[in-house]
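Chemist:
2 protein chains.
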Amino acid sequence: MLTSVDPDVLRVLGDPLRWKIVTLLARETLCTTHLVEETGAKQTNLSNHMKVLREAGLVETEPCGRFTYYKLNADALAALSGQFAELAASAHSATQNKRACP
Amino acid sequence: MLTSVDPDVLRVLGDPLRWKIVTLLARETLCTTHLVEETGAKQTNLSNHMKVLREAGLVETEPCGRFTYYKLNADALAALSGQFAELAASAHSATQNKRACP
DNA sequence: AGCTGGTATCAGCCCCGAGTGATGTGACAG
DNA sequence: CTGTCACATCACTCGGGGCTGATACCAGCT
């Protein structure tokens, strides 16, 4: 199939703060306190964004005592990479076939 | 370098209509009239979205008489694919190193 | 020239979502 | 048990962006 991605995941990643969170989680698994001091955002704001990222299937939670660790879902990112590669390949060959003017 | 992508491109792709336009352009090069009848959106709305896609470097215009053909920028998509692959690889190894609880 | 069809721009409406403060819940330490 | 810390949820404001109608622009045809 070609591009089964729905734009929801991309919309989720389109927010600057959420993207920064993703890049931070790409280096190490962190809990909310770390993310607060890394991003400078309020805890409430971060909690909202983490919920969005979790519901989009991009991060997974791992409770550890009273802390909540977040780690990236590498599979989701790999899937995105594959979809974009597929799209790029299709786009490369689509430059030839041009639909006739109406 | 790791993840030089700014979330702007992802935000642009996060809109459902824009994503549909991208998937349509992945198959063949089209002009605005084709996109209007394919998506069912108003011409004004489409023109706005095409401007956004153009400024994001995702599509390129090719004037042909009084028509304007749009084709995908395969390089931009391939770059996105690479960035996500890099991110996925980094995320896979980031599950090991977990920063200590504060 | 004047007319018609394809696109781009402008001005405005309206709604979704990011951000914030207050509050609730739950888990350890004393 | 009580306080404190980590985190989540609720209620709210407000600004950005998607959508639209009107209009300007441009290329080709008669």
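Protein chains in written order, with this note's numbering: chain Y, 6 to 107; chain U, 6 to 107.
Glycine residues also receive a C-beta, built at the ideal position from the N, C-alpha and C atoms.
Given the structure is predicted, the values throughout are model-derived calculations rather than measurements.
(1) So does the stretch 91 to 103 of chain Y actually touch the stretch 24 to 40 of chain Y, counting three or more Cβ pairs closer than 8 Å?
(2) Hey, Y:Ala83 and U:Ala79: beta-carbon distance below 8 Å or not?
(3) Which residues in chain Y sit within 8 Å of U:Pro12, going by Cβ to Cβ distance?
(4) Applying a beta-carbon distance threshold of less than 7 Å, which residues of chain U neighbour Y:Tyr74?
(5) Output yes if chain U places a C-beta closer than 8 Å to the C-beta of Y:His97; else output no.
(6) Taking Y:Pro21 as the reference, give the member of Y:Gly62, Y:Thr49, Y:Thr44 with the closest Cα.
(7) Please check if any C-beta of chain Y sits within less than 8 Å of the C-beta of U:Pro107.
(8) Determine the DSSP secondary structure at U:Leu15, reduced to helix, strand or coil.
(9) Please confirm whether Y:Val64 and Y:Lys76 have their CB atoms less than 8 Å apart.
(10) How many angstroms separate the CA atom of Y:Ala52 from the CA atom of Y:Thr37?
(11) In the DSSP assignment, find the beta strand (DSSP E) that holds Y:Lys103 and state where it starts and stops.
(12) For U:Leu51, name the three-state secondary structure that DSSP assigns.
(13) Just how far apart, CA to CA, sit Y:Glu115 and U:Cys69?
(14) Can you find a CB in chain Y that lies within less than 8 Å of the CB of U:Ala46?
(15) Using a Cβ cut-off of 8 Å (strictly closer), state whether Y:Leu58 contacts chain U.
(16) At which residue ranges does the stretch 51 to 85 of chain U contain complete beta strand (DSSP E) runs of 3 or more residues, listed in the order of the chain?
(17) Can you check which of these residues, U:Ser98, U:Ala94, U:Phe89, U:Lys56, is closest to U:Asp11 by C-alpha distance?
(18) Along the stretch 79 to 95 of chain Y, what residues have a CB closer than 9 Å to any CB found in chain U?
(19) Measure the alpha-carbon distance for U:Glu42 versus Y:Lys56 and round it to whole angstroms.
Modeler: Straight from the coordinates:
(1) no
(2) As a working note, residue 83 of chain Y is residue 78 in the first sequence. As a working note, residue 79 of chain U is residue 74 in the second sequence. Contact flag unset, no.
(3) As a first step, residue 12 of chain U must be located in the second sequence, where it is residue number 7. Below the 8 Å Cβ cutoff, chain Y contributes Leu18, Gly19, Asp20, Pro21, Arg23, Trp24 as neighbours of U:Pro12, in chain order.
(4) Within the first sequence, the letter at position 69 stands for residue 74 of chain Y. Going along chain U in sequence order, the residues near Y:Tyr74 (Cβ under 7 Å) are Lys103.
(5) Reading the first sequence from its first residue, position 92 is the one you call residue 97 of chain Y. Chain U contact via Cβ: present.
(6) Residue mapping note: residue 21 of chain Y aligns to position 16 of the first sequence, counting from 1. Among Y:Gly62, Y:Thr49, Y:Thr44, the Cα nearest to that of Y:Pro21 belongs to Y:Thr44.
(7) As a position in the second sequence, residue 107 of chain U is number 102, starting the count at 1. Taking Cβ atoms only, chain Y reaches closer than 8 Å to U:Pro107, which makes this a yes.
(8) As a first step, residue 15 of chain U must be located in the second sequence, where it is residue number 10. U:Leu15 carries a helical assignment under DSSP once its states are collapsed to helix, strand and coil.
(9) Counting from one through the first sequence, the residue named residue 64 of chain Y turns up at place 59. Counting from one through the first sequence, the residue named residue 76 of chain Y turns up at place 71. The answer is yes: Cβ separation under 8 Å.
(10) Counted from its first residue, the first sequence places residue 52 of chain Y at position 47. Counted from its first residue, the first sequence places residue 37 of chain Y at position 32. Just to set this straight, residue 52 of chain Y is Ser in the shown sequence, not Ala. Roughly 8 Å separates the two Cα atoms.
(11) Translated into the one-based positions of the first sequence, residue 103 of chain Y becomes position 98. Neither: Y:Lys103 is in no beta strand (DSSP E) and is coded neither H nor E.
(12) One-based indexing of the second sequence puts residue 51 of chain U at position 46. Three-state DSSP puts U:Leu51 in a helix.
(13) Because chain Y is modelled from 6 through 107, residue 115 of chain Y falls outside the range shown and cannot be assessed.
(14) Mapped onto the second sequence, residue 46 of chain U falls at position 41. U:Ala46 does not count as touching chain Y.
(15) Stepping through the first sequence from its first residue, residue 58 of chain Y is reached at position 53. False, the Cβ-Cβ gap to chain U never drops below 8 Å.
(16) Unbroken beta strand (DSSP E) runs of no fewer than 3 residues, entirely contained in the stretch 51 to 85 of chain U, are found at 64 to 69, 72 to 77, following chain order.
(17) By one-based count along the second sequence, residue 11 of chain U stands at place 6. The candidate whose alpha carbon is nearest that of U:Asp11 is U:Phe89.
(18) Ala79, Asp80, Ala81, Leu82, Ala83, Ala84, Leu85, Ser86, Gly87, Gln88, Phe89, Ala90, Glu91, Leu92, Ala93, Ala94, Ser95
(19) For the purposes of this step, residue 42 of chain U is identified with residue 37 of the second sequence, where counting begins at 1. For the purposes of this step, residue 56 of chain Y is identified with residue 51 of the first sequence, where counting begins at 1. Rounded to whole angstroms, U:Glu42 to Y:Lys56 spans 37 Å at the Cα level.
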